[in-house]
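Participant: Numbering (numbering that gives the first Met the number 0), first residue to last: 0 to 161.
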Amino acid sequence: MEISRALQRIRNFDSLIVFLRKTLCWPIPDDLVEFDDVTYHWPAEYLDLDLDTQARIIGCWQLQPLADLQFLESYEPWGVFFLQFHNDVNLESSTILMRRVLRGLVGRHNRDVRLPSWQHNRLLFICFTEDFQNFSFAYFEEAEGLPIFRRFAAISNFRLQR
């Protein structure tokens, strides 16, 4: 119940950071309460997005690496990304858009080697619309060697223990 009420209080980027820190217990320092303090912007050209995808996505930001995200075990770093969509995008049917963003973040032969890359199963997406009325977590799992999109994870799965 606490998570549901906290989700309803998210109205902008800064309240999203407060939600992650206070409700999900992510180790985001208290002095870094503004979205720009804890994220890096990823322009569309870094993700190699086509024009149709660019028209649907307002922005993509990476959460700066946090030292002790306990749920992100192992030595391989995770990429946690915020994706903001226009209000007319239905997040429940955004599989194609998410796959296009995924292609821009995983290592492949024609990708700019100066940009970081991740394995597809090491990416977590926090997706929301521009009015913050629709909100979800999304990730990819591997099944038979292929990335399978898991549209909306239960947000409680990403709550850390205090």
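Heads up, the beta-carbon is just placed ideally off N, CA and C, and yes, glycines get one too. These figures come from a predicted structure and were not determined experimentally.
What do you reckon, are the CB atoms on residue 122 and residue 78 nearer than 8 Å?
Facilitator: yes
Participant: Secondary structure at residue 100, three-state DSSP: helix, strand or coil?
Facilitator: helix
Participant: Going by alpha carbons, who is nearest to residue 114 out of 61, 130, 148, 15?
Facilitator: Considering only 61, 130, 148, 15, the residue with the shortest C-alpha distance to residue 114 is 61.
Participant: Expressed to the nearest angstrom, what Euclidean distance is found between the alpha-carbon atoms of residue 106 and residue 56?
Facilitator: 22 Å
Participant: Just to confirm the assignment, what range does the beta strand (DSSP E) spanning residue 38 have?
Facilitator: 38–40
Participant: Taking a contact to mean a Cβ-Cβ separation below 8 Å, would you say residue 63 touches residue 38 in this structure?
Facilitator: Cβ distance < 8 Å, so residue 63 and residue 38 count as in contact.
Participant: Name the DSSP bridge partner or partners of residue 3?
Facilitator: According to DSSP, which records beta bridges pairwise, residue 3 is partnered with nothing at all.
Participant: Using DSSP's beta-bridge definition, name the partner residues of residue 62.
Facilitator: 38
Participant: Can you say whether residue 137 is buried or exposed, counting buried as having 16 or more other CB atoms within 10 angstroms of its CB?
Facilitator: buried
Participant: I need the DSSP call for residue 27, collapsed to helix, strand or coil.
Facilitator: coil
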